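Residue numbers (UniProt numbering): 340 to 595. For every residue, glycine included, the Cβ atom is placed at its ideal position computed from N, Cα and C. These numbers were taken from a predicted model, which means no experiment stands behind them. Notes follow once the structure below has been shown.
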Ligand code: G
Ligand code: G
Ligand code: MN
Ligand code: NA
């Protein structure tokens, strides 16, 4: 209860921060996007990770205003970084949407508002939703994804392989990217099952016309396997941990 009350105040007190983790094109090594990851700098408890407070924010509904703040902050940041990243391809800003945000009636309005207020072009924004969210309420989910596509906003299925996707249903979803869950990436090379699963997801995604991102990439060996499989993008500690905005700005200024 204490944490819940603290969270209600945290937005006004500006205790939330957004950190950014690079996504790297595996063939070139170029950073082509970042994922926005919220952090809470609590005045007494220090940094609280989203794993600890997002579930509570989801239960209380506070995820809607917090998520809106993250979205707008990330869009403004992406607009600011555009100038530092003039080479093609453009830098894609990915933002996570939780189940409650995805179902909220004001979602499309909120996204449009964030794009308009920041001036970010819709095709430079990608929204990451988990498998269970998209598979949960199919009619609604398809409707939202269609509207996003109409707007030009990209969408990714996060943590793919951990839920229960119907492959037939996946075919009908207007997505642009699949993110292979890090639990499968972890075993690449050592574990025949994990390697087979990742290869399958890469081939499936490409057959469906989607790009694939491997999450949780930690070793050069994993990168080699992913390249051999034709995986498009990698994200993980091997490339970079999530960085505060100042650190990411330095990285972009250095021309990475
Ligand atoms: O950064 P970390 O590994 O602690 O993130 C834990 C979980 O919190 C991840 O599943 C991530 O997707 C989620 N998360 C991080 N930032 C956000 C956010 O801004 N909104 C939502 N809904 N989830 C987030
Ligand atoms: O569920 P989601 O994929 O959105 O979770 C993103 C979280 O994963 C980030 O908060 C980040 O801290 C964590 N993460 C990013 N890269 C790695 C990695 O290479 N290994 C592990 N174990 N976690 C990672
Ligand atoms: Mn994510
Ligand atoms: Na993820």
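Below 7 Å between beta carbons: does that hold for residue 495 and residue 465? Closer than 7 Å, so yes.
CA-to-CA distance, residue 366 to residue 526, given in whole angstroms: Those two C-alpha atoms are separated by around 21 Å.
Does ligand 2 have a heavy atom nearer than 6 Å to the CB of residue 554? At least one heavy atom of ligand 2 is nearer than 6 Å to the Cβ of residue 554, so yes.
Any contact of the region 436 to 449 with the region 466 to 476, i.e. 3+ C-beta pairs under 8 Å? Put simply, the region 436 to 449 touches the region 466 to 476. At least three CB pairs are less than 8 Å apart.
Through-space distance from residue 375 to residue 580, alpha-carbon basis: Computed Cα separation, rounded: 12 Å.
Start-end ranges of the alpha helix (DSSP H) lying completely within the region 526 to 582, minimum 4 residues: Listed in chain order, they are 531 to 546 and 559 to 568.
Taking the alpha carbon of residue 552 as the reference point, which residue from 532, 523, 424 and 560 has its own alpha carbon closest? Of the candidates 532, 523, 424 and 560, the one whose C-alpha sits nearest the C-alpha of residue 552 is 523.
Compute the minimum distance between the beta carbon of residue 514 and the heavy atoms of ligand 2, and state whether it is under 6 Å. Distances from the CB of residue 514 to the heavy atoms of ligand 2 are all 6 Å or more.
Taking only heavy atoms of ligand 2 into account, decide whether any of them is closer than 6 Å to the Cβ of residue 576. Answer for residue 576: yes, Cβ within range of ligand 2.
With a threshold of 6 Å (Cβ to nearest heavy atom), would residue 376 be considered close to ligand 2? A distance criterion of 6 Å places the beta-carbon of residue 376 in contact range of ligand 2, judged by its closest non-hydrogen atom.
Give, in chain order, every unbroken run of the alpha helix (DSSP H) that is at least 4 residues long and sits entirely within the region 431 to 482. As far as the region 431 to 482 is concerned, its whole alpha helix (DSSP H) runs of at least 4 residues are 438 to 442, 446 to 457 and 470 to 475.
Any non-hydrogen atom of ligand 2 within 6 Å of residue 557 CB: Yes - ligand 2 has a heavy atom lying nearer than 6 Å to the Cβ of residue 557.
So for residue 508, helix, strand or coil by DSSP? It is helical.
Count the other C-beta atoms from every protein chain shown that fall within 10 angstroms of the C-beta of residue 479, then say buried if there are 16 or more, exposed otherwise. That one is exposed.
Which residues mark the beginning and the end of the alpha helix (DSSP H) in which residue 524 is found? It spans 521 to 524 - the alpha helix (DSSP H) in which residue 524 sits, taken as one unbroken run.
Let me know the secondary structure DSSP gives residue 425 once reduced to three states. Three-state result, residue 425: coil.
Mind checking whether the beta-carbon of residue 389 lies closer than 6 Å to any heavy atom of ligand 1? Inclusion of residue 389 in the 6 Å shell around ligand 1 follows from its C-beta lying nearer than that to a non-hydrogen atom of the ligand.
If we count the other Cβ atoms within 10 Å of its Cβ and call it buried at 16 or more, is residue 446 buried or exposed? With 16 or more other Cβ atoms within 10 Å, it is buried.
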